[in-house]
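Protein chains in written order, with the working numbering: chain A, 12 to 396; chain B, 12 to 396.
Shown next, in C-alpha cells, is the structure this report addresses.
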C-alpha cells in the first residue's frame with residue numbers, strides 16, 4: 012500500500028469546524044497531514060491544520076480545485092459541493108464517504124425512502140413540496156415537519172401541535188413525520204473500511220434541550236437492556252452495509268414505549284453523539300473515521316469507562332468574543348475533560364465546545380454532569396438587549 | 012485572570028520536536044494557541060503549530076525576538092538560549108520553567124550539587140574538567156562518565172569498565188559517578204503551578220536498551236511496594252518544591268538492591284517516561300504541563316489502566332525517508348496506540364515515534380509489548396553499508 016503518512020500524502024478535508032479539528036488532533040498521532048478548506052478564516056481547524064485554504068465549500072470550482080492535488084478527500088459537514096466531489100471521484104480520486112451517499116443523506120426525503128426500501132424501521136411519513144399540501148384535519152396533529160434539505164443543528168425541524176401552527180410551517184419541500192412518543196433517544200456509531208470490515212460502538216443515550224433542539228447531554232452505556240443494545244448495533248451495521256459506505260455513520264434511534272427501534276436520522280461523519288469516545292472508548296470516533304477512510308484495520312470500540320458529554324452552547328443573551336465563564340472551576344474537578352472549539356464569536360445556542368465527564372457509574376456521571384452544567388457558561392463580550 | 016485561550020493569547024514554544032507536538036495536540040483541547048520556534052523546517056511541530064518560525068533556538072537574538080510578542084514562553088528541550096529567556100523574564104514575560112532552573116539542570120555538575128545541597132539522595136560523584144583528571148587506579152573502575160553539558164538522548168554518557176577504556180573517555184568537563192548496581196530504574200513525574208500547588212504521578216518502571224542507551228520499554232504501575240512508590244513520589248515533590256519550579260519535572264531514580272532511592276537525573280519538561288500518561292492516566296503529562304504553566308488547577312494523576320510504552324527507534328542499518336514497517340499489523344491489535352512523530356528522515360536510534368500498550372495487568376502489557384516489538388520496525392528508504 013502507498014504511504015499514507017508523512018509529506019507525500021495529503022488528506023483534504025472539506026469543512027473546518029470542530030469535527031474537523033478533533034479529527035486533526037487524532038490524525039497527528041499517525042502523522043496524517045490534513046489540509047482544510049473552509050470559508051471562515053476563524054474556523055476551528057485553522058490553528059492546527061497542515062494547511063488552510065479559504066474558500067466556499069459549496070462552490071464547485073473551489074472544491075474541485077482544492078481536491079485535485081489531494082490523495083484522499085473527506086468531509087466534516089454534509090453541505091458541500093457534492094457535484095465537485097463526484098467529479099473528483101470520477102477522475103479516480105478516493106472520496107469517503109462517497110458523494111452518492113452524501114447526496115442521498117442530505118435530502119431527508121430520500122433518506123426516508125432509503126430506510127423503507129431497505130427494510131430499516133422508521134417512523135411513518137409522507138412528503139410535501141409546499142406548505143399548502145399539509146393537512147388541516149385536526150386529527151393529524153401534532154406531527155413533525157422537517158425540511159428535506161438545508162436543516163442543520165436543530166434548524167429546519169419543528170413540531171406543529173395544532174392547526175393554528177400551520178402559519179409558521181416551513182414553506183419548503185418537507186418530510187411530514189408522525190410524532191413518536193418515544194421512551195428514549197439512542198445513538199449508535201458504526202464504521203466501515205474499503206475492504207468491507209465494519210464495527211459498532213455501544214449505544215449511547217441522549218437527552219435533548221427542547222428549546223435549542225440540540226443534544227444537551229448524552230451518556231454511555233445507555234440504560235437499556237443488552238438485547239436492545241445488540242439490536243441497535245445490528246440495525247446500524249445493516250444500514251452502513253446497505254449504503255456500502257466507507258467511513259463513519261452515526262445512527263440516531265427512537266426507542267418506543269413498546270420497545271421498538273426506529274431510525275430517526277443518520278449522519279455520514281463523526282457526530283456530536285460520539286464525542287465522548289475520545290475519553291470513554293478504546294478508539295475515538297475520530298481515530299475510527301481516519302482508520303476507515305484509509306482502509307486500515309478498524310479499532311476496538313469497547314467502553315473504557317462510563318461517561319457523559321455536555322454540549323457547551325452559547326448562552327442566549329450573549330454575542331461577541333467568547334468567554335468560557337467557570338472553565339477553571341470545571342478544570343478543578345476530577346474526570347472532567349473540556350474541549351474548547353476555538354470559535355472566536357459566540358451566539359445563542361452556537362456549539363462552542365463540549366465537556367466529557369467520566370465516573371465509575373452512569374449515576375455518578377449524571378450527578379457530576381449537573382455540577383458541571385451549573386459551573387460553566389458560554390458568554391460573550393456583548394450582552395444582547 | 013487574563014484570557015489564556017483564543018487569538019489574544021500566544022504561547023511561545025522553544026523547540027519543535029515530538030514533545031512540543033504532543034503538547035500542541037493537548038493544548039488544542041483548551042484552544043491555547045502554540046507558536047513554535049525551531050531550526051528544522053521538518054520538525055514534528057510544524058504541521059500542527061498555530062505558527063512556525065524557522066530559527067536557531069540557541070541564538071540569543073532569534074529566541075529573544077521570537078519571545079517578545081508572546082504572552083507566555085515554554086521550552087520542550089533544554090538546549091536553548093537561556094540568556095534570551097532570562098532577558099525576556101527580566102522584561103516581565105512569564106517564562107516557565109524558569110530560566111535559572113534550565114541553567115542549573117543543563118549542567119549535570121550543578122544538578123548533582125543541587126541534590127547534595129538540598130538533602131536529595133544521589134549516587135556518589137566527583138567533578139573533572141578534563142580527561143587527565145580521571146583516576147588510573149584499577150580499583151575505581153567501573154564508573155560512569157557524564158559530560159556536564161551537551162549530552163542528550165543517551166549521548167555524552169558512558170560506562171568506563173577498566174583502565175584501558177580511558178582512551179575513549181570524553182575529554183570534557185564531566186561528572187564521574189559511582190556505578191550503582193541498581194535493582195530497577197523508576198521515573199516519577201511531578202507538576203507544580205505558580206500558586207504552588209503540586210501533584211505527582213505514580214512511579215513507572217523503565218527498561219533500557221543498553222546499546223542505544225535509551226529507554227526501550229516502561230510500564231505502569233511499577234512493580235514495587237506501595238512504600239517505595241510513596242517515597243519516590245515524595246522525593247520528586249520535594250525536588251520540585253526545592254527548585255521552586257513552575258511546570259513539569261521528570262525525576263529518574265535508581266532503586267538499589269538495598270531498597271534505597273537515588274535520584275539519577277531530572278528533566279524540567281514533559282519526558283519520554285511520561286508518554287504513556289496520554290492513554291493510561293486521567294491527565295496526560297502534556298495537559299498537566301499546560302495546566303501548570305497557565306496557573307490552572309492541576310489534573311488528577313491517577314492510573315486509568317495498566318500500560319506500557321515502547322520507543323520506536325530508527326533501525327541501525329537504515330537512513331533516508333522513514334517507513335514504519337508493520338504499522339498496520341500493530342493497528343490491528345487491541346489496546347495498542349501508535350504515535351508517529353512526523354520526522355521525515357530516519358537514522359540509527361533516532362526517536363521516530365512510540366507505541367503505548369494497555370491491558371488488564373502489567374504481565375499482559377509486557378506480553379503484548381513483546382508482540383508489538385516483533386511486528387513494527389522503523390526502517391528507511393536507504394540501507395546503509
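Glycine residues also receive a C-beta, built at the ideal position from the N, C-alpha and C atoms.
Within 10 angstroms of its Cβ, does residue i collect 16 or more other Cβ (buried), or is it exposed?
| i | result |
| --- | --- |
| residue 127 (chain B) | exposed |
| residue 302 (chain B) | buried |
| residue 122 (chain A) | buried |
| residue 58 (chain B) | buried |
| residue 81 (chain A) | buried |
| residue 169 (chain B) | buried |
| residue 42 (chain A) | buried |
| residue 37 (chain A) | buried |
| residue 327 (chain A) | exposed |
| residue 87 (chain B) | buried |
| residue 275 (chain B) | buried |
| residue 394 (chain A) | exposed |
| residue 270 (chain A) | exposed |
| residue 192 (chain B) | exposed |
| residue 150 (chain A) | exposed |
| residue 371 (chain A) | exposed |
Compare the Cα-Cα distances from residue i to each of the options and report the closest residue.
| i | options | result |
| --- | --- | --- |
| residue 136 (chain A) | A:41, A:188, A:96 | A:188 |
| residue 215 (chain A) | A:23, A:283, A:129, A:207 | A:283 |
| residue 255 (chain B) | B:177, B:219, B:204, B:271 | B:204 |
| residue 181 (chain B) | B:162, B:293, B:198 | B:162 |
| residue 285 (chain A) | A:295, A:185, A:160 | A:295 |
| residue 253 (chain A) | A:54, A:373, A:43, A:124 | A:124 |
| residue 159 (chain A) | A:153, A:142, A:147 | A:142 |
| residue 318 (chain B) | B:154, B:375, B:277 | B:375 |
| residue 313 (chain B) | B:320, B:278, B:201, B:173 | B:201 |
| residue 105 (chain A) | A:258, A:373, A:367, A:354 | A:258 |
| residue 177 (chain A) | A:145, A:191, A:190 | A:145 |
| residue 209 (chain B) | B:227, B:240, B:391, B:249 | B:249 |
| residue 246 (chain B) | B:372, B:227, B:269, B:273 | B:273 |
| residue 349 (chain A) | A:384, A:148, A:192 | A:384 |
| residue 17 (chain B) | A:351, A:392, A:382, A:369 | A:351 |
| residue 77 (chain B) | B:173, B:320, B:96 | B:96 |
| residue 228 (chain A) | A:381, A:67, A:280 | A:381 |
| residue 11 (chain A) | A:175, A:322, A:79, A:85 | Only positions 12 to 396 of chain A appear in the structure, and residue 11 (chain A) is not among them; the question remains open. |
| residue 147 (chain B) | B:130, B:134, B:132, B:171 | B:171 |
| residue 369 (chain B) | A:367, A:368, A:311, A:157 | A:311 |
| residue 107 (chain A) | A:299, A:119, A:304 | A:304 |
| residue 207 (chain B) | B:261, B:281, B:309 | B:309 |
Give the straight-line distance between the Cα atoms of residue i and residue j, rounded to the nearest whole angstrom.
| i | j | result |
| --- | --- | --- |
| residue 101 (chain A) | residue 110 (chain A) | 10 Å |
| residue 52 (chain B) | residue 62 (chain B) | 12 Å |
| residue 22 (chain A) | residue 49 (chain A) | 14 Å |
| residue 24 (chain A) | residue 46 (chain A) | 6 Å |
| residue 185 (chain B) | residue 113 (chain B) | 18 Å |
| residue 386 (chain B) | residue 379 (chain B) | 11 Å |
| residue 83 (chain B) | residue 35 (chain B) | 14 Å |
| residue 401 (chain A) | residue 361 (chain A) | Beyond the ends of chain A as shown, which are 12 and 396, falls residue 401 (chain A); an answer cannot be given. |
| residue 44 (chain A) | residue 357 (chain B) | 18 Å |
| residue 1 (chain A) | residue 167 (chain B) | Given a span of 12 to 396 for chain A in the structure shown, any question on residue 1 (chain A) remains unanswerable. |
| residue 212 (chain B) | residue 194 (chain A) | 44 Å |
| residue 56 (chain B) | residue 26 (chain B) | 8 Å |
| residue 233 (chain A) | residue 65 (chain A) | 40 Å |
| residue 346 (chain B) | residue 297 (chain A) | 16 Å |
| residue 139 (chain B) | residue 183 (chain B) | 8 Å |
| residue 320 (chain B) | residue 292 (chain B) | 13 Å |
| residue 68 (chain B) | residue 377 (chain A) | 48 Å |
| residue 197 (chain B) | residue 353 (chain B) | 28 Å |
Give a yes or no on whether the minimum CB-CB distance between residue i and chain E is below 8 Å.
| i | result |
| --- | --- |
| residue 35 (chain A) | No chain E appears in the structure shown, which is made up of the protein chains A and B. |
**Request:** Can you check the segment 231-306 of chain B for any beta strand (DSSP E) of at least 3 residues that lies completely inside it and give the ranges in chain order?
**Result:** Listed in chain order, the complete beta strand (DSSP E) runs (minimum 3 residues) inside the segment 231-306 of chain B are 258-267, 272-278.
**Item:** alpha helix (DSSP H) segments (min. 4 residues) lying fully within the segment 305-385 of chain B
**Value:** 338-342
**Prompt:** Taking the runs of the alpha helix (DSSP H) that are 4 residues or longer, which of them lie wholly in the segment 75-133 of chain A?
**Reply:** 93-101, 110-116, 119-128
**Item:** Contiguous beta strand (DSSP E) assignments of at least 3 residues, all confined to the segment 188-216 of chain B
**Value:** 193-203, 209-211
**Prompt:** Are three or more beta carbon pairs between the segment 338-346 of chain A and the segment 264-276 of chain A nearer than 8 Å?
**Reply:** no
**Message:** Ignoring anything shorter than 3 residues, give me the beta strand (DSSP E) runs that lie fully in the segment 23-61 of chain B, in order along the chain.
**Reply:** 44-49
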